[in-house]
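This report concerns only the one structure given below.
Number of protein chains: 2
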Amino acid sequence: MIAVHLTVPVWVWFIFVVSVLALFVAFLFTREVLGADNGTPAMQAISTAIREGAEAFMKRQYTTIYGFSLLLGVLLFAFYAVTKDTHLAMITVVSFFAGAICSGLAGFSGMFVSIRANLRAASAARTSLNRAMQLALRGGAVTGLLVVALSLLGVGIIFCVFGGLNPADGYAAAKTVPYEIVGFGFGASFVALFAQLGGGIYTKAADVGADLVGKVEAGIPEDDPRNPAVIADLVGDNVGDCAGRGADLFESTAAENIGAMILAVALYSIFGIKGILFPFVARAFGIVASSIGVLSVKLKNEDEDPMVALNRGYYITTVLAAIGFYIAVRYLLNNNIWFFVAGLVGMANCFLFVWITQYYTEYRYRPVKSIAEASLTGPATNIISGLAVGMESTAFPVLAISGSILASFYCGKMALPGVSGAGLFGTAVATMGMLATAAYILAMDTFGPITDNAGGIIEMSHAPEEVRRRTDRLDSVGNTTKALTKGYAIGSAALAAFLLFSAYIDAINELIIKSPQKYGMLVNGLMVTDPSKLLGSVDISKPPIFVASLIGAALVILFSSMAITAVGKAAQTVIQEVRRQFKENPGIMLGTSKPDYGQCVDIVTKGALKAMVAPGLLAVCVPVGVGFIFRLFATNSNPTLAAEAVAGLLMVGTISGILFAIFMNNGGGAWDNAKKFIETGAFGGKGGDPHKAAVVGDTVGDPFKDTAGPSIHVLIKLLCTVTFVMAPLFLK
Amino acid sequence: MIAVHLTVPVWVWFIFVVSVLALFVAFLFTREVLGADNGTPAMQAISTAIREGAEAFMKRQYTTIYGFSLLLGVLLFAFYAVTKDTHLAMITVVSFFAGAICSGLAGFSGMFVSIRANLRAASAARTSLNRAMQLALRGGAVTGLLVVALSLLGVGIIFCVFGGLNPADGYAAAKTVPYEIVGFGFGASFVALFAQLGGGIYTKAADVGADLVGKVEAGIPEDDPRNPAVIADLVGDNVGDCAGRGADLFESTAAENIGAMILAVALYSIFGIKGILFPFVARAFGIVASSIGVLSVKLKNEDEDPMVALNRGYYITTVLAAIGFYIAVRYLLNNNIWFFVAGLVGMANCFLFVWITQYYTEYRYRPVKSIAEASLTGPATNIISGLAVGMESTAFPVLAISGSILASFYCGKMALPGVSGAGLFGTAVATMGMLATAAYILAMDTFGPITDNAGGIIEMSHAPEEVRRRTDRLDSVGNTTKALTKGYAIGSAALAAFLLFSAYIDAINELIIKSPQKYGMLVNGLMVTDPSKLLGSVDISKPPIFVASLIGAALVILFSSMAITAVGKAAQTVIQEVRRQFKENPGIMLGTSKPDYGQCVDIVTKGALKAMVAPGLLAVCVPVGVGFIFRLFATNSNPTLAAEAVAGLLMVGTISGILFAIFMNNGGGAWDNAKKFIETGAFGGKGGDPHKAAVVGDTVGDPFKDTAGPSIHVLIKLLCTVTFVMAPLFLK
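Chains as they are written, first to last, in this note's numbering: chain A, 12 to 743; chain B, 12 to 743.
Given below as structure tokens:
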């Protein structure tokens, strides 16, 4: 029987080999993409402008982010020094930096490829839809693979480096190391928050600015080369969607990985080190499945809908991931089939989220149609209707998450009846199931900005109508995949956060158990943990916990407000610049002189970086501040008051975050497609009054779906990781 | 010493005498208002049309509501019959009907006066601003006094009838009766939900319909008699603002009263029956204070700002209420000064809410100005900016509520150190403090629709410019008071809900303690309550509780979506009708023939009543459904699973409700005043493009601030009372 040979070292090798192989596959995709034909000089000129803009922004953005990270790392060390545990302080800070660096690396390298893939996809579109689609997807897959592989490799290496996998002590340290490396998740969250916020503000400020002056005031079409902000707009698609979502999912996978390890510690007596390795192995199988999925995508003929081909690849990925999951359960979780079922629950949740998102954001269905119809009576009814659709769209995802959490919880309980922690491990397994296809989903997501850019390049280089039709088809598919990924991202963020709550409570209690001299009581002359001092519940019926929960929910809303306002502020600077160029250089509109694209790129870069600071700091400071303030009221008999309050803040903040993110993502997506629906000729088509009303809705939806909404995904996980890392400081 | 004579019967007499006196004062105000000059025949004709429309709507609305109530009463009896306690079933159902009837009575009688006061205020405005203001305020005070007095009287009589005040048994039943009469609060909530929803949908459907066809399509001014929907619009001000808010605050006071009594039961060993009487006495003093406050309002001269005079009355009311509060604490709560401080905390919270609401909704301050400025770049930026302001405006109220809850909780703890339940009683006392001025606030609120209608009557009857200026001044003050009352209503709803949570948990545990044979254990051969079966916490870290909490938060958002959509649907019917009339009868626009106002009133009545059903049923069915479903998973060792899940739904639903209501109320108010600010001449003034953009924002804000937002206040309390009444059925 083969099982005999599948010892722990074999699995460890498997994990590392797959991660490295994934990086190699990413390299092959990169070579393939870069080696493809790169079009006419006109196309190259545009692509170069986009690339330079994106790289300039990314460089400045990451410089800022790493500046903050450095500061925070020092603060973190200082905070921990108070607890006098310099070993833990060191591990935390090193993990923090590792997480921050890996996240940045994944985002940056992914971007490197995608801003080059746009040109190749555009060039290929001149001859073959299939080839263009493949290049865009494989360019996107570089981001997908890098994100997941670097997350796996990063957590794995950190875990090993700090002694988590030491056969010499019989893997005893594996029970404590997972708690200590949460800093990795925090580092990833911290970078992701600013990456998503900065990118999200950039993309929408450029978009709104370009549209308001270009389309509305000057009456020139979208992606018109005469618009000075057009390059900034195309840059935005990359830095917002591609880099932002990459950082977002990097964080989800890292946080889920660590959270699941912590929950596996509770089951150490049953699965031993294998339970702790399980999340890695499940993820590794997911990478293999995703790579094959990406390679399998091919149009049956040039007339096939690219979305059908992408979905086919997704189904293949899901089936392969499920098989891998089964193998992992078989060999690592004692072939306990209930855990396999829990994993399937996670995959089903993924499907549900994708379907629901489609229903609420595609114009084939009632919601978007109702918005388009409401445009007949003007912008006000369009807006009211869009807001109502966005709000309504929260209901089914909530039922899906609720069902998944409960079903996987009961799977866990059925798997190991009577074992405490088994139910929660079931939810962890479901999260792994949901995230198993992350690399493929990210490839589809990054496909979006690549095809969007390809369309822009084709448009601006005045390519023939037939080519434009091809890129338009790809672009429209890209819009769909971007919307779906947002659904996926918030669904997985919700599950990952739920995992981290449990891990947070475990971590608090671990700290209490570790200090019997402080939190203990004398039993027969022996100092043991006083069970009444443990954090047994997060009881929102207590006034302090209720108040902290209320603050958590309000934090999300204030954060959204700040993110939206930031877009408006940054957009104002773009508007002024575009107006200035039109006024000072009338040749631009006549087509006789070229606008100064670089100036717009520069202005929106500065604006976005400045605007991302306030909401970012708010997200970090509020939970920490609440913890510190409530700690003042903690007593020796109730040392966990602040820790419990922060848990309330975290959980209710997450609930509020899930709902607000879905509301904003779907509302924005629905407005966008209501406009597109009218542009297909419905309700008077392009140029009519209903279309103008729909453009208003689309503009309102932009900061919703591309700035505030996705930033909330990251906020949710940041709240979890920041509180987790600060946990020791919340105890009296 | 006088204290010797202030025995329990004296206080009981005091309560009933004050209630009856308040009804008498309301009668005197009514006589004064009805006896005032009622203007020219032209004015009377308009007022009659408004009155008939309002009465027709109210009659049909209450017929529908009481139909539902009857059905629900029967269902309630049937549900309770399952528990085999027919005595309790009877009390619950009788209380339910009593609450429903008192709420309806208060709303209907208040409306009776206010739809007549509009004409008298309009008539008085022809000669004196002061007299017009006084008539409008006293007309509004009838609603205020009726609401508070009927709530006091209703709860008081029910309490006595069911034996709560029986000196023969040494007031022993006072410890159980408060739990049994929660049905009163449920009845009031149930009526309030439909009253507010129906009224809110009516008012905005008529408003949006009248504006979109009249102002936008036909280009005629607001309140133009040629608009067929103009009377429906004026009717809407009454049925939405006046009747809706009246029912809302009736519910708050009733629910707070019963909740506070339940919390006082926990302190029975300390205060005895006096603690249970305290909420009544504090309320009675509040009525006295409010009556004097209303009578004191008078302009110093015809040029004084009416808002200053109204504020003066409010300060007088607050000071008198504080003095009454002190007396009540002195004689009923053992002169324990900390409880007086808790009451002051509640009053301070009231002030804070009013200030914050002013800051976010008046155009003197940054937020509204920023929306007006954003209108320069069109409707999209106006909307984005308004949404951001609405979201931002949740932060400070949350801090105010948080501070009030914590401060009053600690006051309670300081008042009775070491006594369990003292802290929560402190928060109850703060709620009483906040609600002490309810009658005055309601008078100010109803002042709004009365002056709005008076303005409409003056406008439509072509009165001289000078008179219009007077009614415009009053109307603008009325807009402010309406906005402030919404802040007050949500602040008090939040505190009242917090009170009811605690009471709900008490009630669950009371049920468990009452049934030792079911939930008990044998100790020394004696069946006693098993403490492990009590509902000790509402632990949202447990998956089922977290899921229920998530559903609670989503419920609020789905409910908002349905309320907003309902306005749109009902408005569509009005739009079609107005267009039809304009088309079929061209004489209307020429001013040669009269439009058919009655038809519009009839159509919007039908539309609003139909549209209120779905969101109303959702609000009742979801908490009950979640309770029943989770009950299936409860086990004998954990009989409170469903009760705990419902508590989570309730609390997180309340958090989400507080935030959404503030967001919608303030966002809507800010949009409204941004438009008004531009109309004062800023950014190009009336008719310019920024003004058009601001009109879009105002229209979007309408269903926010007048339908969904206020309905959420009611929803919050309905959730509390429905779960409370159903509590016995959630236990295994």
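For every residue, glycine included, the Cβ atom is placed at its ideal position computed from N, Cα and C.
Bear in mind the structure is a predicted one, so any value in this text is a computation, not a measurement.
Strand pairing of residue i, partner residues [DSSP]
i: F534(A); result: Residue identity check: residue 534(A) is Val in the sequence provided, not Phe. For V534(A), which the question treats as bridged, DSSP gives the partners L537(A).
i: V649(B); result: A small correction: the amino acid at residue 649(B) is Asn; Val does not occupy that position in the sequence shown. For N649(B), which the question treats as bridged, DSSP gives the partners T646(B).
Burial state of residue i (16 or more Cβ within 10 Å)
i: Q587(A); result: exposed
i: G444(A); result: buried
i: E655(B); result: buried
i: A293(B); result: buried
i: A385(A); result: buried
i: V36(B); result: buried
i: I13(B); result: Residue confidence for I13(B) is low, a pLDDT of 46 falling below 50, so the modelled location carries little weight and cannot support an answer.
i: E262(B); result: buried
i: R131(B); result: buried
i: R62(B); result: buried
i: V330(B); result: exposed
i: D218(B); result: buried
i: P597(B); result: exposed
i: H724(A); result: buried
i: G696(B); result: exposed
i: G324(B); result: buried
i: R149(A); result: buried
i: I640(B); result: exposed
i: G692(A); result: exposed
i: V15(A); result: Because V15(A) sits at a pLDDT of 48, beneath the cut-off of 50, its placement in the model cannot be relied upon, and the following sentence gives the value as read from the coordinates. Exposed, since its Cβ has fewer than 16 Cβ neighbours within 10 Å.
i: L730(B); result: buried
i: E476(B); result: exposed
i: T734(B); result: buried
i: S513(B); result: buried
Proximity to residue i [Cα-Cα], best of the options
i: S415(A); options: M402(A), F362(A), V707(A), Y451(A); result: F362(A)
i: Y182(A); options: I61(A), V19(A), G270(A), N268(A); result: V19(A)
i: A565(B); options: E690(B), I599(B), V624(B), I727(B); result: I727(B)
i: I516(A); options: L545(A), L601(A), K525(A), K497(A); result: L545(A)
i: S120(A); options: P378(A), D222(A), S419(A), T457(A); result: T457(A)
i: T576(A); options: R484(B), G401(B), C731(B); result: G401(B)
i: A67(B); options: N249(B), V23(B), V158(B); result: N249(B)
i: T448(B); options: A300(B), M532(B), V308(B); result: A300(B)
i: V539(B); options: I452(B), V549(B), F639(B), Q528(B); result: Q528(B)
i: D235(A); options: L82(A), D316(A), M471(A); result: M471(A)
i: V10(A); options: V736(A), L387(A), K743(A), N347(A); result: Residue 10(A) falls outside the range modelled here, since chain A spans only 12 to 743, and no answer is possible.
Would the region 36-50 of chain A count as touching the region 121-128 of chain A if we require 3 or more Cβ pairs under 8 Å? yes
Can you list, in chain order, the stretches of the alpha helix (DSSP H) that have 4 or more residues and sit fully within the region 410-483 of chain B? Correct list: 433-446, 449-471.
Any contact of the region 507-516 of chain B with the region 432-448 of chain B, i.e. 3+ C-beta pairs under 8 Å? yes
Any chance you could list the beta strand (DSSP E) runs of at least 3 consecutive residues sitting entirely within the region 530-602 of chain B, in chain order? 531-534, 537-540
Runs of beta strand (DSSP E) wholly within the region 83-165 of chain A (minimum 3 residues, chain order): List check, beta strand (DSSP E) in window: nothing returned.
Examine the Cβ distances between the region 627-647 of chain B and the region 253-267 of chain B and report whether three or more of them are shorter than 8 Å. Because the criterion of three Cβ pairs below 8 Å is not met, the region 627-647 of chain B and the region 253-267 of chain B do not touch.
For the structure I just gave you, are there three or more beta carbon pairs, one from the region 241-258 of chain B and one from the region 446-462 of chain B, closer than 8 Å? These segments touch.
Taking contact to mean 3 or more Cβ pairs, one atom from each stretch, closer than 8 Å, check whether the region 196-209 of chain A and the region 225-232 of chain A are in contact. no
Pairing CB atoms from the region 96-112 of chain A with CB atoms from the region 282-298 of chain A, are three or more of them under 8 Å? no
Cβ contact check for the region 706-718 of chain B and the region 673-681 of chain B: 3 or more pairs under 8 Å: yes
Do the region 345-360 of chain A and the region 665-672 of chain A meet, that is, are 3 or more Cβ pairs less than 8 Å apart? The answer is no - the region 665-672 of chain A does not touch the region 345-360 of chain A, with fewer than three Cβ pairs under 8 Å.
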